[in-house]
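**Student:** Input: one structure, supplied below.
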Amino acid sequence: MNNVYVRLIVYILSTILGSVPAVALGWFSYQFLDGNILVTVSLEGAATALLSAVGISGGVFKVWGTK
């Protein structure tokens, strides 16, 4: 498999993997209220997801991003 394809797969998986801590913290919830969907987002959980995804992607870039 070409190195570019491996890098693309790892970038995609890093975003998914970065969202795991936020999901564990319960960073969003939804409820059905009078026929509408109410979505509540936790800022701490969203920040955790963002920082995790950036950190993992940065690690991937450090390994494969330079020649």
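Residue numbering for the sequence shown follows numbering that gives the first Met the number 0, beginning at 0 and increasing consecutively.
Each residue gets a CB set at the ideal place from its N, CA and C atoms; glycine is no exception.
All values reported here derive from a predicted model rather than from experimental measurement.
1) Inspect the beta-carbon positions of glycine 54 and tryptophan 26 and report whether they are closer than 7 Å.
2) Just confirm the distance between the C-beta atoms of serine 28 and alanine 48, as a whole number of angstroms; I'd bet it's less than 8 Å.
3) The alpha helix (DSSP H) that contains serine 51, what's its start and end?
4) Excluding sequence positions up to five away, which residues of its chain have a Cβ less than 6 Å from the Cβ of valine 38?
5) Could you compute how far the alpha carbon of lysine 61 sits from the alpha carbon of valine 40?
**Tutor:** Inspection of the coordinates gives the following:
1) no
2) With 8 Å as the limit, serine 28 and alanine 48 do not qualify as a contact, their Cβ atoms being about 14 Å apart.
3) 42-63
4) Tyr29
5) 31 Å
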